[in-house]
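Heads up, the sequence shown is in my numbering, so the first residue is 1312 and it goes up one at a time.
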Amino acid sequence: MKVKFVLALLLIVCIALGGLYYSTYKDDQFKINNLNEEKAKLSSQLNDYADQNMTLNSKVQKLQSELQVVHAENAKLSNELAQTTARLNKTEADAAVAAKNAEDTIAQKDQQISGLNNEKSDLISRLAALDESIKKLEGELSDTSGKLNVSEKNREFLIAELKRLQTEKAELERQLNSIDFLTEQVRRLKQETSVSGRLDIVRKGIYGFRKGGERMVFSNDRAVRGQSKTNYNLNVEIHQDGGAKQAPAEEPAESE
1312 MKVKFVLALL LIVCIALGGL YYSTYKDDQF KINNLNEEKA KLSSQLNDYA DQNMTLNSKV
1372 QKLQSELQVV HAENAKLSNE LAQTTARLNK TEADAAVAAK NAEDTIAQKD QQISGLNNEK
1432 SDLISRLAAL DESIKKLEGE LSDTSGKLNV SEKNREFLIA ELKRLQTEKA ELERQLNSID
1492 FLTEQVRRLK QETSVSGRLD IVRKGIYGFR KGGERMVFSN DRAVRGQSKT NYNLNVEIHQ
1552 DGGAKQAPAE EPAESE
């Protein structure tokens, strides 16, 4: 009887232990499944994080490359800015020099205009004197032609002298017109050498060169001065008997 009771008790204990084990096993299996699912989820997240990390590393490398390009471009722009600043400073200095040269050129043109005006006045005075001489010779020729004792030779000499003076008058008028033309040319060159053309002179780089118009003015000026060496001081003595004598005249001093 006792043995059956013990066996029954043991059976009950075994059943209880089996139920407890089964229950514990089920709980553990559930926890294991949950842990496996969580592990798989974490593994998936880890893979996602790894992919994101690789993507971020790629972006970081790309940004670093772009940053290096930006630094290089910044250095290039800095060099260009320095060069541009240097060129601007040089251009301003050249413009100042060009302005000074333009002012000097304008002053020279003013002096040339003044000299040409003085020479023009001198030629006008000589022309007026020649007109007086021509009128005087014409009057003397008229008086001389009326005299019976005037020889044809002296009359021809006076006519030839009159023609020569008229030729010299025409030459003086031509020189006077040439001086007017040169004066206008100098004024035009003076206007062209204005302050508004300074930067254009700098860009084209024509510092130190004499303009063609200026060379023409100087060459024509020398030509006019060379032609002005003609002796316009005529001294003719007409005698009472109709004879004429030409006295030598002094050569005018050449103006510098």
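From the three backbone atoms N, C-alpha and C, an ideal C-beta is built for every residue, glycine too. Since the structure is predicted, the reported quantities are computational estimates derived from the model, not experimental observations.
Asked: Give the C-beta separation of residue 1448 and residue 1483 to the nearest angstrom, bearing in mind that I take them to be a contact with Cβ-Cβ under 8 Å.; Found: That belief does not hold up - the Cβ atoms of residue 1448 and residue 1483 are roughly 16 Å apart, past 8 Å.
Asked: When you compare only the Cα positions, how much space is there between residue 1341 and residue 1356?; Found: 22 Å
Asked: If you draw a straight line from the alpha carbon of residue 1404 to that of residue 1390, how long is it in whole angstroms?; Found: 21 Å
Asked: Whole angstroms are fine: how far does the CA of residue 1337 sit from the CA of residue 1317?; Found: 29 Å
Asked: With contact counted as at least three CB pairs below 8 Å, one residue from each stretch, are the stretch 1473–1491 and the stretch 1406–1424 in contact?; Found: no
Asked: Is it buried or exposed, residue 1481, if we count other Cβ atoms within 10 angstroms and call 16 or more buried?; Found: exposed
Asked: Using the Cα positions of residue 1432 and residue 1451, report the straight-line distance between them to the nearest angstrom.; Found: 28 Å
Asked: Mind checking residue 1490: buried by the 16 CB within 10 Å criterion, or exposed?; Found: buried
Asked: Taking all protein chains shown into account, decide if residue 1437 is buried (16 or more other Cβ within 10 angstroms of its Cβ) or exposed.; Found: buried
Asked: Just the C-alpha distance for residue 1387 and residue 1423, rounded to the nearest angstrom, thanks.; Found: 52 Å
Asked: Sorted by chain position, which residues of the same chain lie with C-beta nearer than 6 Å to residue 1348's C-beta, five sequence neighbours on each side aside?; Found: none
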